[in-house]
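Read in UniProt numbering, the sequence shown has 90 at position 90, and its numbers run on one by one without any break.
For each residue, glycine too, the CB sits at the ideal point set by N, CA and C.
If you're wondering where the values come from, they're calculated on a predicted model, not measured in any experiment.
See below for the structure under consideration.
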Amino acid sequence: MKILIIDPQFFTRAGLINLCTGFSADLSIFECPTFELATEYLQHSDQYNLIFLDMDLPDAEIRPSLALIKKYAPTAHVVLFCWSRPMSEIRQALSAGVRSYLPKDATAEDAKLAIRALMKNDRYLPDESRLNEVAPRASQAESFLSPRQLEIMQLLAQGLSNKEIATILGITEGTIRVHLSAIFKAIKVSNRTEATLWYLLRQKRLVS
């Protein structure tokens with residue numbers, strides 16, 4: 001079986017690889033931290049059986065990513081591999097070509113059940129109740145931000161520049177700009193000042 005993992009976080013990729021190899025030794029696994037690199041793999045490699053795709057890639061949106069995957073690997077079983085999302089987002093991804101959904105905060109038991117099913121090319125979706133879970137006291141806008149984007153918001157609220165944030169997080173300034181653009185769109189603001197105000201008001205609400 002040939003597997004492609006598209007996820008920006010090294011430890012997440014490593015954990016998934018370890019889990020997959022625990023079920024089968026006959027695997028060829030390729031990993032990509034960006035969709036740009038994944039596109040190169042897709043263009044120059046044979047068809048993949050299983051593709052794990054994070055929804056929070058720093059250089060691509062989910063729908064264009066799925067369209068390219070469908071173009072280059074039309075028979076691949078695409079698994080949405082991300083933090084828990086509202087059911088509406090998962091349904092949109094499923095309608096765009098995703099076959100399975102594995103939340104990153106799944107329990108060890110659920111993760112093993114999922115990988116076991118996926119290795120057999122069976123579809124995996126968590127319980128409906130799981131898909132509808134929303135973090136307590138979280139705003140609708142916050143649910144659209146990834147853990148990395150929330151980290152950036154925290155540093156942005158401290159008055160740090162893109163360069164300083166990039167240095168702290170160990171990523172490029174270009175990646176910071178991509179994240180900020182996505183953040184502004186998600187929380188419906190147009191600049192850093194408005195984003196900082198949104199974050200500070202949210203913090204005040206959560207501790208009040």
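Does the distance from the C-beta atom of residue i to that of residue j stay below 7 angstroms?
i      : j      : result
Ala96  : Arg63  : yes
Tyr48  : Ala76  : yes
Phe35  : Ser84  : no
Ala186 : Leu145 : yes
Ser28  : Lys70  : no
Ala157 : Leu201 : no
Arg41  : Phe23  : The amino acid occupying residue 41 in the given sequence is Tyr; Arg does not appear at that position. Their beta carbons are not under 7 angstroms apart, which means Tyr41 does not touch Phe23 by this criterion.
Taking the continuous beta strand (DSSP E) assigned at residue i, which residues delimit it?
i     : result
Glu31 : 28-32
Val79 : 77-82
Ser45 : Unbroken run through Ser45: none, as it is neither H nor E.
Lys2  : 2-6
By Cβ distance, which residues of its chain are closer than 8 angstroms to residue i, with the 5 residues on each side in sequence left out?
i      : result
Leu155 : Glu164, Ile165, Ile168, Leu169
Glu151 : Leu169
Asn191 : Phe184
Leu180 : Ile152, Leu156, Asn162, Arg192, Ala195
Val178 : Pro58, Asp59
Taking 7 angstroms as the CB-CB limit, is residue i close to chain D?
i      : result
Ile152 : No chain D is present in this structure, which holds just one protein chain.
Can you list, in chain order, the residues of its chain with a C-beta nearer than 7 angstroms to that of residue i? Leave out the 5 residues immediately preceding and following it.
i      : result
Asp105 : Trp83, Ser84
Thr21  : Leu27
Ile176 : Ile152, Asn162, Ile165, Ala166
Gln140 : Because the pLDDT of Gln140 is 46, which lies under 50, any placement of that residue in the model is unreliable, and the number read from its coordinates should be weighed accordingly. Closer than 7 angstroms at the Cβ level, and outside the excluded window around Gln140, lies no residue.
Thr39  : Leu68
What does the alpha-carbon distance come out to for the pair residue i and residue j?
i      : j      : result
Ser57  : Thr172 : The amino acid occupying residue 57 in the given sequence is Leu; Ser does not appear at that position. One C-alpha to the other measures close to 14 angstroms.
Glu61  : Ser45  : 22 angstroms
Phe10  : Asn18  : 12 angstroms
Glu109 : Thr193 : 43 angstroms
Thr12  : Leu4   : 13 angstroms
Thr196 : Asp122 : 44 angstroms
Arg116 : Val98  : 18 angstroms
Leu113 : Ile90  : 19 angstroms
Leu50  : Pro33  : 17 angstroms
Leu118 : Trp198 : 40 angstroms
Lys120 : Ser88  : 27 angstroms
Terminal residues of the continuous alpha helix (DSSP H) containing residue i?
i      : result
Leu94  : 87-95
Ser181 : 173-187
Tyr101 : Element bounds for Tyr101: not the alpha helix (DSSP H) but the beta strand (DSSP E), 100-103.
Phe10  : 10-21
Ser190 : From DSSP, Ser190 is part of no alpha helix (DSSP H); its letter is neither H nor E.
Leu125 : Note, Leu125: premise wrong, no alpha helix (DSSP H); not H, not E.
Asp56  : That residue, Asp56, is in no alpha helix (DSSP H); it is neither H nor E in DSSP.
Leu156 : 147-156
Lys163 : 162-169
Name the residue from the options whose alpha carbon lies nearest to the alpha carbon of residue i.
i      : options                       : result
Phe52  : Leu102, Glu194, Leu113        : Leu102
Asp127 : Asn121, Ser100, Arg116        : Ser100
Gln43  : Gly159, Ser181, Ala114, Ala73 : Ala73
Tyr124 : Lys188, Phe30, Leu80          : Leu80
Asp59  : Leu113, Leu37, Ile90, Leu160  : Leu37
Gly15  : Leu160, Val78, Ala111         : Ala111
Among the residues of its own chain, which have a CB less than 6 angstroms from the CB of residue i, if the five just before and after it don't count?
i      : result
Asp7   : Arg13, Asp54
Ala182 : none
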